[in-house]
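Below: one structure, written as C-alpha cells.
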Amino acid sequence: LPGIRTPVMRLESITLSAKDRLGEDFTLVDDGLLAVCIQHEIDHLDGKVMVDYLSRLKHDRIRKRLLKEQHEQTVRHAGASTM
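Counting with the numbering used here, you get residues 2 to 84 for the letters of the sequence shown.
The structure is reproduced here in C-alpha cells:
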C-alpha cells in the first residue's frame, strides 16, 4: 500500500537454526539489519503482511481513505470519458 507505514515490533536479536544446501545444520546469530530482514521474510512465509500489524482504528481509517480515493478516481475517469 503506497504511502502507508506502520511500526512493526521486532526482536533485537535472533538465533536461526537451518540447513544449508548440502543438508548440513547451521546456526546463525544476528542483532543487526539481517535479524530484522529475516524476521520480515519469515512474516511473509507465515502469510503475514503489513496490514496484519495495523490497529483496528488505523486499519479502518486507511480503508476509508482508500475507498474515498478510489471513488474520486472513478469520478474523474467518468468525467474524462464524457468529454
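All residues carry an ideal CB built from backbone N, CA and C; glycine is no exception.
Given the structure is predicted, the values throughout are model-derived calculations rather than measurements.
Answer with buried or exposed for residue i, where buried requires no fewer than 16 other C-beta atoms within 10 angstroms of its C-beta.
| i | result |
| --- | --- |
| A36 | buried |
Whose C-alpha, out of the options, is nearest the C-alpha of residue i?
| i | options | result |
| --- | --- | --- |
| V30 | I43, E13, D44 | E13 |
With the cut-off set at 7 Å, would you say residue i and residue j are in Cβ contact?
| i | j | result |
| --- | --- | --- |
| T7 | Y54 | yes |
| R11 | Q40 | yes |
| I5 | I63 | yes |
Just list the residues that DSSP pairs residue i with in beta bridges.
| i | result |
| --- | --- |
| A19 | F27 |
Does residue i come within less than 7 Å of chain B when only Cβ atoms are used?
| i | result |
| --- | --- |
| R22 | Here there is only one protein chain, and chain B is not present. |
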